[in-house]
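**Student:** One structure coming up, written as structure tokens, with questions to follow.
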Amino acid sequence: MSDSKNLDDLQKIPGDKVRRLVRPHLLALRPYVPGRPAADVMREFGLSEVVKLASNENPAGPSPKAIAAIERLLPELHLYPDGAGQDVRGAIAQHVDLTAEHVFIGNGSDEVIKLIMETFLDAGDELLVPFPSFMSYTSSAAMVNARLVQVPLQEDFQYNLNDMVERVTPRTKVIVLCTPNNPTGTWLTHTQVAEFLQRIPDRVLVVIDEAYLEYVDTADRLDSLQFIREGRAVISLRTFSKMYGLAGLRLGYALADPSVLAYLQQVRLPFNVNAVAQAGCAAALADDEHVARSRALNAAGRAQYHVGLGRLGISYIPTQGNFLLARVGDGQAVFEALMRRGVIVRAGFAGLTEYIRISIGTKEQNERCLEALATLC
Ligand SMILES: Cc1ncc(COP(=O)(O)O)c(C=O)c1O
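Numbered as in my numbering, the sequence shown ends at 1650 without a single skipped number.
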């Protein structure tokens, strides 16, 4: 090896050296950019307080019962968690009237999404997802080099299920439906999903991401468990991060026939859900009062935005989630201007340049957001 070659190597940073070792399809991936932390924004803009309405969290906070259960567990943190998550799976099963074998838990539903893709998709296999929708489907599919088929929502952001059916090919292995859909807030009815499933070949796994299920208060509400009970290859994805106010704990779960979940059990890490999360989430499920309070807060917040945005002449997409898509013109510019005024929302969703997504907060937080919008629009 010549001296100059050695010199070249020395000048390279370690990341450059290992670049050729990285699996090629992973090179184009970019790290997930979450909503900006409040402390970060306060520092940058010299603000004494900010309102964060960017990550669809529950402004009511966690259930007091969850906090108490977590405190009770703390002296036992030297012990590994129950790897099988028996208690929390039992509590979830009881809550949905299925057996613990119908429940698979993960480190947030994000982890469950990733495990589903890793378990069922090989390079080149097709995954159908709505567009725009939650970005975890796209990034998880990219990790396994699956062929991502994004099926556009209609102009009013309603699903185009006919289009989805027509895009199924012999290579299609997994279809994801997200309802209510993040970031649009639009939703599917039970009848729509039931008719859709009748038109989808049995060999295709249908994943229904219901992270915002508990907020839905429309007629013909989706009951995905019916399809599981009927023996369909359907997975319902749910989470404690939204209505249960426990996003920081990281526990999401899949409900499906035990024979489907057995494959996920084979690939998960031995202790993928920590003991604190298991204890807190089991207790949260028993707190109906907290859920009722959270639901009422969200319903009032939705109404507040409907009135407030209406007054400002800003149109919005009807939502069944704890967030709302508002059409503000230049989404990125409004996002930045709101941030300077101490209100953090989300913008920059692919295909949604004219919109910002506002998570519904407390009455006071929503008021702050509407007041800030009034100075801009
Ligand atoms: C549709 C959807 N699915 C899944 C998740 C992830 O939830 P978790 O916190 O359980 O990972 C989110 C989070 O925003 C979401 O919007």
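Backbone N, C-alpha and C define an ideal beta-carbon position, used for all residues, glycine too.
In angstroms, rounded to a whole number, what distance separates the CA positions of Val1376 and Leu1450?
**Tutor:** As a working note, residue 1376 is residue 103 in the sequence shown. As a working note, residue 1450 is residue 177 in the sequence shown. Their Cα atoms are separated by approximately 19 Å.
**Student:** State the DSSP-derived secondary structure class of Pro1403, mapped to helix, strand or coil.
**Tutor:** By one-based count along the sequence shown, residue 1403 stands at place 130. Note: Pro1403 maps to strand in three-state DSSP.
**Student:** What's the call for Phe1318, buried or exposed, on a 16-neighbour Cβ count within 10 Å?
**Tutor:** Position 45 of the sequence shown, counted from the start, is the residue given in the question as residue 1318. It is exposed - the Cβ of Phe1318 has fewer than 16 other Cβ atoms within 10 Å.
**Student:** Expressed to the nearest angstrom, what Euclidean distance is found between the alpha-carbon atoms of Asn1639 and Asp1429?
**Tutor:** Locating residue 1639 in the sequence shown gives position 366, counting from the first residue. Locating residue 1429 in the sequence shown gives position 156, counting from the first residue. When rounded, the distance between both Cα atoms is 24 Å.
**Student:** Look up Ser1409 in the DSSP assignment and say whether it is helix, strand or coil.
**Tutor:** For the purposes of this step, residue 1409 is identified with residue 136 of the sequence shown, where counting begins at 1. In this structure, Ser1409 counts as helix in the three-state DSSP scheme.
**Student:** With a CB to CB cut of under 6 Å and the five nearest residues on each side skipped, what residues in its chain are close to Ala1419?
**Tutor:** By 1-based counting over the sequence shown, the position of residue 1419 is 146. Within the same chain, Ala1419 has close Cβ partners Leu1394, Asp1398 and Leu1400.
**Student:** For Met1274, count neighbouring Cβ atoms within 10 angstroms of its own Cβ and tell me buried if that reaches 16, exposed if not.
**Tutor:** Position 1 of the sequence shown, counting from 1, holds the residue named residue 1274. Only weak support is given to the placement of Met1274: the predicted model assigns it a pLDDT of 44, under 50, and the question is left unresolved by the model.
**Student:** Determine the extent of the beta strand (DSSP E) in which Cys1642 is found, giving its start and end residues.
**Tutor:** Looking up residue 1642 in the sequence shown gives position 369. Counting along the chain, Cys1642 falls outside any beta strand (DSSP E), though it belongs to the alpha helix (DSSP H) covering Lys1636 to Ala1647.
**Student:** Assuming Arg1619 contacts Ala1327 (C-beta within less than 8 Å), just tell me the rounded distance between them.
**Tutor:** Residue mapping note: residue 1619 aligns to position 346 of the sequence shown, counting from 1. Residue mapping note: residue 1327 aligns to position 54 of the sequence shown, counting from 1. About 5 Å; that satisfies the 8 Å criterion.
**Student:** Could you please give the first and the last residue of the uninterrupted alpha helix (DSSP H) stretch that includes Ser1497?
**Tutor:** Position 224 of the sequence shown, counted from the start, is the residue given in the question as residue 1497. Per DSSP, Ser1497 belongs to the alpha helix (DSSP H) from Ser1497 to Arg1502.
**Student:** Nearest-angstrom Cα distance between Leu1646 and Leu1299?
**Tutor:** Counting from one through the sequence shown, the residue named residue 1646 turns up at place 373. Counting from one through the sequence shown, the residue named residue 1299 turns up at place 26. Roughly 39 Å between the two C-alpha positions.
**Student:** If you count every other CB in all the chains shown that lies within 10 Å of the CB of Leu1478, and 16 or more means buried, which is it?
**Tutor:** Position 205 of the sequence shown, counted from the first residue, corresponds to residue 1478. When all chains shown are included, Leu1478 counts as buried.
**Student:** Would you mind stating whether Ala1555 and Ala1366 have Cβ atoms separated by less than 8 Å?
**Tutor:** In the sequence shown, the residue the question calls residue 1555 occupies position 282. In the sequence shown, the residue the question calls residue 1366 occupies position 93. Result no, Cβ atoms of Ala1555 and Ala1366 do not sit closer than 8 Å.
**Student:** Taking C-alpha atoms, which residue in Val1314, Ile1448 and Arg1541 lies nearest to Val1424?
**Tutor:** One-based indexing of the sequence shown puts residue 1424 at position 151. That would be Ile1448, whose Cα lies nearest to the Cα of Val1424.
**Student:** For the region 1282 to 1331, which segments carrying the beta strand (DSSP E) assignment without a break, of at least 3 residues, lie completely within its bounds, in sequence order?
**Tutor:** Segments of the beta strand (DSSP E) lying fully in the region 1282 to 1331: there are none.
**Student:** For Leu1534, which of Gly1504, Gln1431, Met1416 and Ala1548 has the nearest alpha-carbon?
**Tutor:** In the sequence shown, the residue the question calls residue 1534 occupies position 261. Out of Gly1504, Gln1431, Met1416 and Ala1548, Gly1504 has the C-alpha closest to the C-alpha of Leu1534.
**Student:** For Thr1457 and Ile1481, which I take to be in contact (beta-carbon distance under 8 Å), what is that distance rounded to the nearest angstrom?
**Tutor:** For this step, residue 1457 is matched to residue 184 along the sequence shown. For this step, residue 1481 is matched to residue 208 along the sequence shown. Not a contact, Cβ separation roughly 16 Å.
**Student:** Looking only at its own chain, which residues have a Cβ that is under 6 Å from the Cβ of Lys1325, when we skip the five neighbours before and after it?
**Tutor:** In the sequence shown, counting from the first residue as 1, residue 1325 sits at position 52. Excluding sequence neighbours, Lys1325 sits near Ala1311 and Ile1617.
**Student:** How many whole angstroms separate the CB atoms of Ala1495 and Thr1459, which I take to be in contact at a CB cut-off of 8 Å?
**Tutor:** For the purposes of this step, residue 1495 is taken as residue 222 along the sequence shown, with counting starting at 1. For the purposes of this step, residue 1459 is taken as residue 186 along the sequence shown, with counting starting at 1. One detail in the question is off: residue 1495 reads as Leu in this sequence, not Ala. That pair is no contact at about 13 Å.
**Student:** Between the region 1544 to 1551 and the region 1346 to 1354, are three or more C-beta pairs nearer than 8 Å?
**Tutor:** The answer is yes - the region 1346 to 1354 touches the region 1544 to 1551, with three or more Cβ pairs under 8 Å.
**Student:** Mind checking whether the beta-carbon of Ser1412 lies closer than 7 Å to any heavy atom of ligand 1?
**Tutor:** As a working note, residue 1412 is residue 139 in the sequence shown. Incorrect: Ser1412 has no Cβ contact closer than 7 Å to ligand 1.
**Student:** What three-state label does DSSP hand Ser1336 in the structure shown?
**Tutor:** To locate residue 1336, count along the sequence shown from 1; it is residue 63. Of the three classes helix, strand and coil, the one that applies to Ser1336 here is coil, per DSSP.
**Student:** Given this structure, state the Cα-to-Cα distance separating Lys1636 from Leu1597, to the nearest angstrom.
**Tutor:** The residue you call residue 1636 lines up with position 363 of the sequence shown. The residue you call residue 1597 lines up with position 324 of the sequence shown. For Lys1636 and Leu1597, the distance between alpha carbons rounds to 15 Å.
**Student:** Distance check for Val1466 and Tyr1485, CA to CA, integer angstroms please.
**Tutor:** Counted from its first residue, the sequence shown places residue 1485 at position 212. Counted from its first residue, the sequence shown places residue 1466 at position 193. The alpha-carbon atoms of Tyr1485 and Val1466 are separated by roughly 16 Å.
**Student:** Hey, quick one: how far does the alpha helix (DSSP H) through Phe1544 stretch, first residue to last?
**Tutor:** To locate residue 1544, count along the sequence shown from 1; it is residue 271. Run containing Phe1544: none; DSSP gives neither H nor E here.
**Student:** Name, in chain order, the residues that DSSP records as bridge partners for Cys1554.
**Tutor:** The residue given as residue 1554 occupies position 281 in the sequence shown. Note: Cys1554 sits in no beta bridge, so no partner.
**Student:** Between the Cα of Phe1404 and those of His1579, Leu1434, Phe1500 and Leu1519, spot the shortest distance and give me the residue it belongs to.
**Tutor:** Within the sequence shown, the letter at position 131 stands for residue 1404. Of His1579, Leu1434, Phe1500 and Leu1519, the residue nearest in Cα terms is Leu1434.
**Student:** Name the two residues that bound the continuous alpha helix (DSSP H) containing Gly1615.
**Tutor:** Locating residue 1615 in the sequence shown gives position 342, where the first residue counts as 1. Here Gly1615 belongs to no alpha helix (DSSP H), and DSSP marks it neither H nor E.
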